[in-house]
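Right, one structure below, let's go through it.
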Amino acid sequence: MWKLSPEALREQPHIETVEAWCKPLFDDAATWRYSAKRLRHRKSRRGAAEAGAQDGSVARLHDHAAADGATMLTFQDITDTENVETCAARAQRGA
Numbered sequence: 138m139w140k141l142s143p144e145a146l147r148e149q150p151h152i153e154t155v156e157a158w159c160k161p162l163f164d165d166a167a168t169w170r171y172s173a174k175r176l177r178h179r180k181s182r183r184g185a186a187e188a189g190a191q192d193g194s195v196a197r198l199h200d201h202a203a204a205d206g207a208t209m210l211t212f213q214d215i216t217d218t219e220n221v222e223t224c225a226a227r228a229q230r231g232a
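With positions in the sequence shown counted from 1, the corresponding number in the working numbering is that position plus 137.
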């Protein structure tokens, strides 16, 4: 989804560096504010949000609290699911 090279990730870059690499795909300030907020506020509850990408794909953002107090933020590509749901809704309206 992100097309990040394994070599670059081996260096264990800071989250702000990774964000800069990913922004061309998800150039949406609200998405990154949500991500940063969830990572900074570790006592926040688990949550999820969705974001549309420049290439038309859709991602669901999840944050998970780890036992050691860290927070893991994941992006799940849900484009196919969204497309199926959109087609089903259109078909239902047309019926």
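Where is the CB? At the ideal position from N, CA and C, for every residue including glycine.
- Which listed residue (149, 222, 192 and 207) has its alpha carbon closest to that of residue 160: Indexing the sequence shown from 1 puts residue 160 at position 23. Closest by alpha carbon: 192.
- Message: According to DSSP, simplified to helix, strand and coil, what is residue 214?
- Response: For the purposes of this step, residue 214 is taken as the residue at position 77 of the sequence shown. The answer is strand: DSSP assigns residue 214 an E or B state.
- My guess is that residue 165 and residue 188 are in contact by the Cβ rule of under 8 Å, so how many angstroms apart are they, rounded? Position 28 of the sequence shown holds residue 165. Position 51 of the sequence shown holds residue 188. Confirmed, Cβ separation roughly 6 Å.
- Query: Are there 16 or more other CB atoms within 10 angstroms of the CB of residue 225, so buried, or fewer, so exposed?
  - Reply: Translated into positions along the sequence shown, residue 225 becomes position 88. Under this definition residue 225 is an exposed residue.
- Message: Below 8 Å on the Cβ atoms is my contact criterion, and I expect residue 215 with residue 196 to pass it. Report the Cβ-Cβ distance as a whole number of Å.
- Response: Residue numbering aside, residue 215 sits at position 78 when the sequence shown is read from its first letter. Residue numbering aside, residue 196 sits at position 59 when the sequence shown is read from its first letter. About 7 Å separates the two Cβ atoms, so the contact holds.
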